[in-house]
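Novice: Sharing a structure here in structure tokens format.
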Amino acid sequence: MSTEPRAGRPKASSRETIAEAACELFLEQGYEQTSIVDIARRAGVSRSSFFNYFSSKSDVLWAGLDERLTVFEQRLEEVEGTDASAAVRAATLGIAESFAPDSLALGIVNATAMGLEAEYERDAALRRARVARAVSARLLAGGADRVRAEVAGAAWGGAVLAAVEAWAHDGAGRTSLARFLSLAADAAAPVSSTAPVGDVAQLRVVVQAAAFEQTLAFYRDVVGMPQAEAYEADGGARVAILAAGCATLEIANPAQVDFIDRVETDGDAPSDRIRLALEVADTASTAARLSDAGAEIEASARETPWRSVNARLRGPAGLQLTLFQELGPAE
């Protein structure tokens, strides 16, 4: 990062330019010793222009994450009809969407050099509490008792900040935040889950895909399963592991399969022996989006007797998909 003065910069400066100038000064003279006037001067903007982008000096570091947390809160408020634990996990993994390395990652790695350890701990505690409140409210709305909801909220707040910190120290520009959020979610999920605990810690579906890149792009970027891990081996061997929220194994006898096919389709798209079911926020719009990306719709979206909206598609690698949207109890 350059440390040259920025006197020649135009008055109309971007938020990224101001943030870069601030971080340079934090490294040069320390966080406490750097004023907003210093930052504005280094960036070549007026003091009032600084406040067009940031509300305070600490906001320079936290603005990017705060924007993602606002989306996080909105997602938890909008999915009241779905399983609360699954909604929390999905919203947490969604924090990684469009979240690029920024001033916060730089500040975490250089907290000592910038002299902001105490300031960081105070601000991080506020974000942990923000996540905790949103999670607790969602779990309470889902029927959890208050003690369990509060404890789970604290766990998820810690998980989100732990993931961001691990991502920063691992090299934010070289690794995936989604991977660390998935690991953190795995650690926090048992606290908020109401599902029975057994001997199997994770259900993983493995599919062979000759068109690897196309298949990966569809399920990761179009369907919306964040990449948690990826590995390569000799001979061009590649595998990517995508996060898909809560996993269950549904075992149905032939009569149940026939019943589902009558409800979910017009009888012209019978179930494969193995079919993937993905819970989504809006079945109709998701089916249209997946169709635009190359999936074949086998049965259009329709409401079921058990208050869900289901659609059936054929995705890359020949996978048969059921999309389902939980509508919740009838009013």
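Just so we're aligned, residue 49 is where the sequence shown starts under our numbering, counting upward by one. Where is the CB? At the ideal position from N, CA and C, for every residue including glycine. These numbers were taken from a predicted model, which means no experiment stands behind them.
Within the same chain, show all residues whose beta-carbon is closer than 6 Å to that of threonine 352, passing over the 5 residues directly before and after it, in chain order.
Specialist: Around threonine 352: Val311, Asn358.
Novice: Candidates Asp314, Thr370, Gly163: which alpha carbon is nearest aspartate 330's?
Specialist: Here the closest residue by C-alpha is Thr370.
Novice: Leucine 375 to isoleucine 345, Cα distance in whole Å?
Specialist: Going by the C-alpha atoms only, they are around 21 Å apart.
Novice: Do the segment 148 to 164 and the segment 211 to 220 meet, that is, are 3 or more Cβ pairs less than 8 Å apart?
Specialist: Enough Cβ pairs lie closer than 8 Å, so yes.
Novice: If you count every other CB in all the chains shown that lies within 10 Å of the CB of isoleucine 322, and 16 or more means buried, which is it?
Specialist: Flag for isoleucine 322 reads exposed.
Novice: Indicate whether arginine 439 and leucine 113 have their beta-carbon atoms separated by less than 9 Å.
Specialist: Absent from the structure is residue 439, since the part of the chain shown begins at 49 and ends at 379.
Novice: Looking at alanine 132 and alanine 202, is the spacing between their C-beta atoms short of 9 Å?
Specialist: No. Outside cutoff.
Novice: In whole angstroms, what is the alpha-carbon distance linking glutamine 368 and alanine 336?
Specialist: Going from the Cα of glutamine 368 to the Cα of alanine 336 covers about 16 Å.
Novice: Would you give the residue range spanned by the alpha helix (DSSP H) that serine 184 belongs to?
Specialist: Here the alpha helix (DSSP H) through serine 184 covers 165 to 189.
Novice: Between the segment 82 to 95 and the segment 62 to 69, do three or more beta carbon pairs fall short of 8 Å?
Specialist: Because the criterion of three Cβ pairs below 8 Å is met, the segment 82 to 95 and the segment 62 to 69 touch.
Novice: Give every residue of the same chain whose Cβ lies closer than 6 Å to the Cβ of alanine 60, excluding the five residues on either side of it in the sequence, and list them in chain order.
Specialist: Reliability fails at alanine 60, whose pLDDT of 38 lies under 50, so the model's placement of it is uncertain and no value is given.
Novice: Taking asparagine 358 as part of the beta strand (DSSP E), name the residues at either end of that continuous run.
Specialist: Run containing asparagine 358: 356 to 362, per the beta strand (DSSP E) assignment.
Novice: Ordered along the chain, which non-local residues of its own chain (more than five positions away) have a Cβ less than 6 Å from that of leucine 109?
Specialist: Taken in chain order, the residues that qualify are Ser151, Leu152, Gly155.
Novice: Mind reading off the beta-carbon distance from proline 364 to alanine 259? Whole number of angstroms is fine, and I expect it under 8 Å.
Specialist: About 7 Å separates the two Cβ atoms, so the contact holds.
Novice: Mapping DSSP to helix, strand and coil, what is phenylalanine 372?
Specialist: Strand, per DSSP.
Novice: Tell me, which residues are paired with glutamine 275 by DSSP?
Specialist: According to DSSP, which records beta bridges pairwise, glutamine 275 is partnered with Leu290.
Novice: Does DSSP put arginine 123 in a helix, in a strand, or in coil?
Specialist: DSSP places arginine 123 in helix when its eight states are reduced to three.
Novice: Kindly indicate which residue of Thr263, Asp314, Ala232, Gly219 has the alpha-carbon position closest to the one of alanine 139.
Specialist: When only C-alpha atoms are compared, the closest one is Ala232.
Novice: Using the rule of at least 16 other Cβ atoms within 10 Å of the residue's Cβ for burial, across every protein chain shown, is tryptophan 204 buried or exposed?
Specialist: Buried, by the Cβ-count rule.
Novice: Between the Cα of alanine 144 and those of Gly163, Leu164, Thr118, spot the shortest distance and give me the residue it belongs to.
Specialist: The candidate whose alpha carbon is nearest that of alanine 144 is Thr118.
Novice: Put leucine 297 into one of helix, strand or coil per three-state DSSP.
Specialist: If DSSP states are grouped into helix, strand and coil, leucine 297 belongs with coil.
Novice: Return yes when the Cβ of valine 136 is within less than 9 Å of the Cβ of valine 183, no when it is not.
Specialist: Contact: yes.
Novice: Report yes if the C-beta distance between alanine 226 and alanine 276 is below 9 Å; otherwise report no.
Specialist: Result yes, Cβ atoms of alanine 226 and alanine 276 sit closer than 9 Å.
Novice: One question on the structure: do alanine 111 and arginine 178 come within less than 9 Å of each other, judged by their Cβ atoms?
Specialist: Taking 9 Å as the Cβ cut-off, alanine 111 and arginine 178 do not qualify as a contacting pair.
Novice: Determine the direct distance from the alpha carbon of phenylalanine 74 to that of lysine 429, and round the result to whole angstroms.
Specialist: Since the displayed the chain opens at 49 and closes at 379, residue 429 lies outside it and no answer follows.
Novice: Sorted by chain position, which residues of the same chain lie with C-beta nearer than 6 Å to tyrosine 279's C-beta, five sequence neighbours on each side aside?
Specialist: The answer, listed in chain order, is Val287.
Novice: If you draw a straight line from the alpha carbon of proline 318 to that of aspartate 309, how long is it in whole angstroms?
Specialist: Answer to the nearest angstrom: the Cα atoms are 6 Å apart.
Novice: Where does glutamate 80 sit, in a helix, a strand or coil, going by DSSP?
Specialist: Correct three-state label for glutamate 80: coil.
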